[in-house]
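Residue numbers (the numbering used here): 26 to 340. We put the CB at the ideal spot given by N, CA and C, even for glycine. Source: prediction; values computed, not measured.
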């Protein structure tokens, strides 16, 4: 499968945000002194009167956003994923989740594909943290198209939202006509032996893995599960029943992410053999994204091995 790079998902967020600013004056954007990196700078240039740089004060930013939302505004707040979810978790809980306010949290530099910046900048816990907050929707888009569509829907869908974007350019997985909706997975490839459920950069790795598995006579379907919460239960259960084995793949630690959510669902409704491609309860080091993916087991090869194990366990 040819790898065609598109824009980084953080770039797509900046583009979508600038367009949304033209459509609705209720949209206010806040950033914690990282607007160039999160790409909210595109909005700031067009609408400086609706942009607030709170400085390196993530907790305060969340509190301000809660106040704006309670006043009828639609605040988007951004910083690096690890900074915003870890430093401001109490405020996300008390000022957004508990009162169920209409705050949109869109972070950049998600996962370990941040690369050389090292573990202090790499978010491997954010999905676990954000899915644990009642009422939050949690999303990790795979490419620019999905990012733009999710950001647009999030803007006009009531309730708190979390969207994680990334730093590197993302391979193009979808087309501008691919339907995208919060809570609805995207079947990318059909298969009959095993289903690979992935999100973010791991969707393309899953497609590469499916091609390798086909050479071995293993037919793998691939699902882009961009929304971790709420899960597309109907699609996932249908796939599990059809193929009888599931592999999840994510750029997050194994605890509390996509794999945990899917396995909890299937254990309750349709138990099947499962394998998990994720970061194994460790922080990552510093290196190029592709080097880190190899070291911490997030490549197509790792997905292939997981699919072999899952299919062997089928009755």
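| Touching or not, the segment 233-242 and the segment 177-189, by the rule of three or more beta carbon pairs under 8 Å? | no
| Contiguous alpha helix (DSSP H) assignments of at least 4 residues, all confined to the segment 46-77 | 60-63, 66-71
| task | Thinking residue 225 and residue 167 are a contact (beta carbons under 8 Å), I'd like their distance in whole angstroms, please. | result | Here residue 225 corresponds to residue number 200 of the chain shown, with the count starting at 1. Here residue 167 corresponds to residue number 142 of the chain shown, with the count starting at 1. Rounded, the Cβ-Cβ distance is 6 Å, consistent with contact.
| field | Beta bridge counterpart(s) of residue 187 as assigned by DSSP | value | For this step, residue 187 is matched to residue 162 along the chain shown. Residue 187 pairs with 130, 163.
| said: Considering just the uninterrupted stretch of the beta strand (DSSP E) at residue 32, what are its terminal residues? | reply: Counting from one through the chain shown, the residue named residue 32 turns up at place 7. That run of the beta strand (DSSP E) goes 30-33.
| field | Whole-Å CB distance - residue 231 paired with residue 221, under 8 Å assumed | value | The sequence position of residue 231 within the chain shown is 206, counting from 1. The sequence position of residue 221 within the chain shown is 196, counting from 1. Indeed, because the Cβ distance is near 4 Å, the residues count as touching under 8 Å.
| For residue 31 versus residue 211, is the C-beta spacing smaller than 8 Å? | To locate residue 31, count along the chain shown from 1; it is residue 6. To locate residue 211, count along the chain shown from 1; it is residue 186. Taking 8 Å as the Cβ cut-off, residue 31 and residue 211 do not qualify as a contacting pair.
| query | Could you give the residue range of the alpha helix (DSSP H) that holds residue 252? | reply | Residue numbering aside, residue 252 sits at position 227 when the chain shown is read from its first letter. DSSP places residue 252 in no alpha helix (DSSP H) but in the uninterrupted beta strand (DSSP E) bounded by 252-254.
| What residue range is occupied by the uninterrupted alpha helix (DSSP H) comprising residue 315? | As a first step, residue 315 is located in the chain shown; it is residue number 290 there, counting from the start. 314-320 is the extent of the alpha helix (DSSP H) around residue 315.
| query | For the segment 141-149 against the segment 115-122, are there 3 or more C-beta pairs whose distance is under 8 Å? | reply | no
| field | Where residue 299 sits in the DSSP three-state scheme | value | Stepping through the chain shown from its first residue, residue 299 is reached at position 274. Note: residue 299 maps to strand in three-state DSSP.
| request: If I'm right that residue 343 touches residue 321 with Cβ under 8 Å, what's the distance once you round it to whole angstroms? | output: With the chain represented from 26 up to 340, any question about residue 343 goes unanswered, as that position is not in the structure.
| request: Might you give, ordered along the chain, the residues of its own chain that have their beta carbon closer than 6 Å to the beta carbon of residue 299, omitting 5 neighbours on each side? | output: Numbered from 1 along the chain shown, position 274 holds the residue referred to as residue 299. Around residue 299: 271, 288.
| message | With distance defined between alpha-carbon atoms, name the residue in 258, 57, 174 nearest to residue 102. | response | The residue given as residue 102 occupies position 77 in the chain shown. Of the candidates 258, 57, 174, the one whose C-alpha sits nearest the C-alpha of residue 102 is 57.
| According to DSSP, is residue 181 helix, strand or coil? | As a first step, residue 181 must be located in the chain shown, where it is residue number 156. Coil at residue 181, not helix or strand.
| field | Of the residues 123, 122, 152, 29, the one placed nearest residue 286, counting alpha carbons only | value | Working through the chain shown from its first residue, we reach residue 286 at position 261. Taking only the C-alpha atoms, the option nearest residue 286 is 152.
| Straight-line CA distance for residue 83 to residue 252? | Start at 1 with the first residue of the chain shown, and residue 83 comes out as number 58. Start at 1 with the first residue of the chain shown, and residue 252 comes out as number 227. Looking at the two C-alpha atoms, the distance is approximately 24 Å.
| So, helix, strand or coil for residue 249, using DSSP? | Numbered from 1 along the chain shown, position 224 holds the residue referred to as residue 249. Looking at residue 249 - three-state DSSP - the assignment turns out to be strand.
| Collapsed DSSP secondary structure at residue 103 in the structure displayed | Here residue 103 refers to the residue found at position 78 when the chain shown is read from its first residue. Three-state DSSP puts residue 103 in a strand.
| field | Sequence-distant residues of the same chain with beta carbon closer than 7 Å to residue 120, five excluded per side | value | The sequence position of residue 120 within the chain shown is 95, counting from 1. The residues are 87, 88, 91.
| query | Does DSSP put residue 338 in a helix, a strand or coil? | reply | On the chain shown, position 313 is the one that residue 338 refers to. Looking at residue 338 - three-state DSSP - the assignment turns out to be coil, as it is neither helix nor strand.
| C-beta contact flag for residue 303 and residue 282 at 8 Å | Against the chain shown, residue 303 aligns to sequence position 278. Against the chain shown, residue 282 aligns to sequence position 257. Against a cut-off of 8 Å, the Cβ pair of residue 282 and residue 303 comes out as a contact.
| request: In the DSSP assignment, find the beta strand (DSSP E) that holds residue 200 and state where it starts and stops. | output: Here residue 200 refers to the residue found at position 175 when the chain shown is read from its first residue. Run containing residue 200: none; DSSP gives neither H nor E here.
| request: Would you kindly work out how many angstroms separate the C-alpha atoms of residue 324 and residue 95, rounded to a whole number? | output: Start at 1 with the first residue of the chain shown, and residue 324 comes out as number 299. Start at 1 with the first residue of the chain shown, and residue 95 comes out as number 70. Whole-angstrom Cα-Cα distance: 43 Å.
| request: Using a threshold of 8 Å, state whether the C-beta atoms of residue 42 and residue 68 are closer than that. | output: Here residue 42 refers to the residue found at position 17 when the chain shown is read from its first residue. Here residue 68 refers to the residue found at position 43 when the chain shown is read from its first residue. Going by C-beta atoms, residue 42 is nearer than 8 Å to residue 68.
| said: Looking at residue 64: is its Cβ nearer than 8 Å to the Cβ of residue 133? | reply: Along the chain shown, one-based indexing puts residue 64 at 39. Along the chain shown, one-based indexing puts residue 133 at 108. Yes, the Cβ-Cβ distance between residue 64 and residue 133 is below 8 Å.
| If you run the structure through DSSP and keep just helix, strand and coil, what is residue 277? | Counted from its first residue, the chain shown places residue 277 at position 252. Residue 277 falls in the strand class under three-state DSSP.
| query | Just curious, the alpha helix (DSSP H) that residue 90 is in, first and last residue? | reply | The count along the chain shown starts at 1 and reaches residue 90 at position 65. Where residue 90 is concerned, the enclosing alpha helix (DSSP H) stretches over 83-95.
| request: On a CA-only basis, which of 126, 194, 150, 169 is nearest residue 161? Give me that one, please. | output: Indexing the chain shown from 1 puts residue 161 at position 136. The option with the nearest alpha carbon to residue 161 is 126.
| message | Would residue 34 and residue 156 qualify as a contact pair, given that the criterion is a beta-carbon distance under 8 Å? | response | Here the question's residue 34 lines up with position 9 in the chain shown. Here the question's residue 156 lines up with position 131 in the chain shown. Not a contact, by the Cβ cut-off of 8 Å.
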